[in-house]
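One point on numbering: in the working numbering, the residue at position 177 of the sequence shown is 289, and numbering is uninterrupted.
Take a look at the structure set out below.
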Amino acid sequence: MKKLMTVMLGSAVGLALSAGMAAAEKWDMPMAYSATNFHSATGAEFGKCVIKGTGAAIEIVTHPSGSLFKGADIKRAVQTGQAPIGERLLSGHQNENAIFGVDSIPFLATSFDDAAKLWKAAKPTMTKILAEQNLVLLYSVPWPPQGLYFKKEVNSVADMKGVKFRSYNNATARLAELAGMLPVTIEAAEISQAFATGVAESMISSGSTGYDRKVWESLTHFYEVDAWLPRNYVFVNKDVWDGTSGANKNVILGCAELAEYAGSWRAVEYTQFTLNGLKANGMKVGPAGDKLKGELKEFGVIMTNEWLEKAGADGKAIVDAYKAMQ
Ligand code: PCA
Numbered sequence: 113m114k115k116l117m118t119v120m121l122g123s124a125v126g127l128a129l130s131a132g133m134a135a136a137e138k139w140d141m142p143m144a145y146s147a148t149n150f151h152s153a154t155g156a157e158f159g160k161c162v163i164k165g166t167g168a169a170i171e172i173v174t175h176p177s178g179s180l181f182k183g184a185d186i187k188r189a190v191q192t193g194q195a196p197i198g199e200r201l202l203s204g205h206q207n208e209n210a211i212f213g214v215d216s217i218p219f220l221a222t223s224f225d226d227a228a229k230l231w232k233a234a235k236p237t238m239t240k241i242l243a244e245q246n247l248v249l250l251y252s253v254p255w256p257p258q259g260l261y262f263k264k265e266v267n268s269v270a271d272m273k274g275v276k277f278r279s280y281n282n283a284t285a286r287l288a289e290l291a292g293m294l295p296v297t298i299e300a301a302e303i304s305q306a307f308a309t310g311v312a313e314s315m316i317s318s319g320s321t322g323y324d325r326k327v328w329e330s331l332t333h334f335y336e337v338d339a340w341l342p343r344n345y346v347f348v349n350k351d352v353w354d355g356t357s358g359a360n361k362n363v364i365l366g367c368a369e370l371a372e373y374a375g376s377w378r379a380v381e382y383t384q385f386t387l388n389g390l391k392a393n394g395m396k397v398g399p400a401g402d403k404l405k406g407e408l409k410e411f412g413v414i415m416t417n418e419w420l421e422k423a424g425a426d427g428k429a430i431v432d433a434y435k436a437m438q
């Protein structure tokens, strides 16, 4: 009898063990940008860190290039639990809430240092807004400074009139409008084709995205404007997060901190590397002329006021906190 009990107990333990192993979770992580992009590389490293730290209890599998969900659908997919975790361009949601666009106010924060300060000022409010949307913020990494791409020489806003302009958020569409261009929203994953077919013929973006998408096949000029440094962020579905053990949460938070740090350095290093890459492939790369810069700064004043009006007291508090760090 005693022996039977032992055998039964033994198989119960065996069952529990295999059940425990079967409970290892796979977290599919949709990402919008190409596999070779530094954000995607950072996400892949983050995934490895979590697998290692949790003893493979949580296996994060990244899906770059919008292959699982397109950029515009990633937040909703994670909010509704179709995907447990994801990465998205934060300012892509600025039509939901102006606060999400704090990183795309022209000429507010134009260097990596200032972008880091602005993020520090914005993070508590951002965390709160995301929590109200069933999301837990894990980490955020900036893109390199934003400049203008064209297929001709451009010295002033007058030269931009009527140009078909690829936008990626409200701020970029508004900028196009102010300059008399024709904005069309296109995901980064689809821009090579858009430029090749003439659906778009210019954009504002980083050297990084131009390099990733080989835009030299269609475009000729990149003007360094340093208009702003938008951010990507990585977030988890809150129900999934609440169902994660304390120990695994700690591992994930540690890996997230590491990812933010490493990703931010990658962004800095990728800046010159990709500008050199654009040049090596025949593009003219250099600072925008004074006239163009001056005119863009005027748009910046208009857009800052518009943003402050939309973002209300919370928005003003973020900008004030950022300015106090200067
Ligand atoms: N690349 C992304 C967003 C900002 C950037 O530098 C894009 O163009 O979609």
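Glycine included, each C-beta is placed from N, C-alpha and C at the ideal position.
Predicted model only: the values in this text are computed from it and were never measured.
Outcome for V327 when other beta-carbon atoms lying within 10 angstroms are tallied against a minimum of 16: buried
Beta-bridge partners of R325, as assigned by DSSP: According to DSSP, R325 bridges with nothing at all.
Runs of alpha helix (DSSP H) wholly within the segment 157-216 (minimum 4 residues, chain order): 183-191
Environment of Y206 [buried if 16+ CB atoms lie within 10 Å]: According to the sequence shown, residue 206 is Gln rather than Tyr. It is buried - the Cβ of Q206 has at least 16 other Cβ atoms within 10 Å.
At least three beta-carbon pairs within less than 8 angstroms, the segment 136-155 to the segment 327-343: no
Reference E299, options G183, A368 and G398, closest by Cα: G183
Minimum C-alpha distance to V413 - residue among A195, H175, N149 and I217: I217
Cβ-Cβ separation, G165 to C367 (assumed contact under 8 angstroms), whole Å: 6 angstroms
Separation of N149 from T321, as counted between CA atoms: 8 angstroms
C-alpha gap between R325 and N282, whole angstroms: 22 angstroms
Cβ-heavy atom distance, Y280 to ligand 1, below 7 angstroms: yes
Rounded C-alpha distance that separates G358 from G155: 22 angstroms
Sub-8 angstroms separation of N344 and S279 beta-carbons: no
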